[in-house]
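Quick look at the structure:
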């Protein structure tokens, strides 16, 4: 994380000082201690952000299927705890001022997805960004790529069970804040999808910003009495 000397800001938001900009179509990973919070900011709006968390040994990974059962819904809300593939808590969603569209059903885009859409040649993908982000922390990539939490992604489910991939409607500057329940590596990919208009009607991948709070600022106070 790049440490600035003071708080950063996006519009009217006052944000923590440890800041990283993630270019559209690329990914990043940050280490988080238990109690630490990260702000995922949709800086320009309408950008889907594939999101993962892994334990320090990569044996435990954030699991969307286990999380859906734990929270009783297909999309998390403020206060929900997201769990790993052994049903243990990893992340708590503590703040969300977007419109609440977050998907847990769609897998990360990969080379085969782009080939199926008619793209010829090499295309950036969330699957590749996940692997690259892990390697930046000297962590081994274990296949398959876990299904991500797709922040800001609008995937309504009809009464007949049909899925529709709609353009994101997340406003510019909207953010989601997570608290790490234990020590993790937090991974994001500003989805490079430009063949299906999930990143707005212009299908243009946009940058996002990450702001990491100091642990002492974000630790949940212990109860007294």
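Numbering (this note's numbering), first residue to last: 56 to 280.
Don't be surprised by glycine CBs; every beta carbon is placed ideally from N, CA and C.
Source: prediction; values computed, not measured.
Under a Cβ-count criterion, where at least 16 other Cβ atoms within 10 Å of its own Cβ denotes burial, should residue 174 be classed as buried or exposed? Only exposed fits residue 174, as fewer than 16 other CB atoms lie within 10 angstroms of its CB.
Sub-9 Å separation of residue 137 and residue 144 beta-carbons: Yes, they are a contact pair.
Tell me which same chain residues have a C-beta within less than 7 Å of the C-beta of residue 65, skipping the five on either side of it? Residue confidence is low: residue 65 scores 36 on pLDDT, short of 50, so the model does not pin down where it sits. Its coordinate-derived value is still stated next. For residue 65, where only same-chain residues beyond five positions count, the Cβ hits under 7 Å are 96, 98, 228, 264.
Using only CA atoms, which one of 105, 87, 223, 78 lies nearest to residue 159? When each option's Cα is compared against that of residue 159, the closest is 105.
Distance check for residue 91 and residue 240, CA to CA, integer angstroms please. Their backbone Cα atoms lie some 11 Å apart in a straight line.
Neighbourhood of residue 149 by C-beta distance below 6 Å, restricted to the same chain and skipping five residues each side: Apart from sequence neighbours up to five positions away, the residues of its chain that approach residue 149 with a beta-carbon distance below 6 Å are 232, 234, ordered along the chain.
What three-state label does DSSP hand residue 184 in the structure shown? Three-state DSSP puts residue 184 in a helix.
Could you give the uninterrupted runs of the beta strand (DSSP E) lying entirely in the region 136-169, keeping only those of 3 residues or more? Given a length threshold of 3 residues, each whole run of the beta strand (DSSP E) inside the region 136-169 is given here in chain order: 136-138, 144-151.
What does a CB cutoff of less than 7 Å around residue 185 pick up in its chain, not counting 5 residues either side in sequence? Cβ within range, chain order: 82, 107, 163, 200, 242, 244.
Among the residues of its own chain, which have a CB less than 8 Å from the CB of residue 236, if the five just before and after it don't count? Here the set comprises 89, 136, 144, 145, 146, 147.
Neighbourhood of residue 221 by C-beta distance below 6 Å, restricted to the same chain and skipping five residues each side: Within the same chain, residue 221 has close Cβ partners 209.
Who are the Cβ neighbours of residue 261 in its own chain at under 6 Å, not counting the five residues just before and after it? 79, 99, 102, listed in sequence order.
Residue 93, buried or exposed, once every other Cβ within 10 Å from all chains shown has been counted against 16: Answer is buried; the Cβ neighbour count reaches 16.
Nearest to residue 157 by CA position, among 167, 183, 206, is which residue? That would be 206, whose Cα lies nearest to the Cα of residue 157.
Which listed residue (248, 74, 76) has its alpha carbon closest to that of residue 171: Per the Cα distances, 248.
Quick one: residues in its chain with C-beta nearer than 6 Å to the C-beta of residue 219, no 5 flanking neighbours on either side, listed in chain order? For residue 219, the CB contacts under 6 Å within the same chain, skipping 5 residues up- and downstream, are 211 in chain order.
Helix, strand or coil: how does DSSP classify residue 126 here? Helix, per DSSP.
To which residues of the same chain is residue 119 closer than 6 Å at the C-beta, ignoring the five residues directly before and after it? The residues are 159, 202.
Excluding the five sequence neighbours on either side, which residues of its own chain have a C-beta within less than 7 Å of the C-beta of residue 254, listed in chain order? Contacts found: 101, 102, 103, 223, 246, 248, 260, 261.
Where does the unbroken beta strand (DSSP E) through residue 97 begin, and where does it stop? Note, residue 97: beta strand (DSSP E), 92-97.
C-alpha gap between residue 181 and residue 198, whole angstroms: Between residue 181 and residue 198, the C-alpha separation is close to 14 Å.
What is the C-beta distance between residue 194 and residue 109, in whole angstroms, given that I count them as a contact (C-beta under 8 Å)? The C-beta distance from residue 194 to residue 109 rounds to 7 Å, short enough to meet the 8 Å contact threshold.
By Cβ distance below 8 Å, which residues in the same chain neighbour residue 123 in space, the five residues on each side in sequence not counted? Taken in chain order, the residues that qualify are 129, 159.
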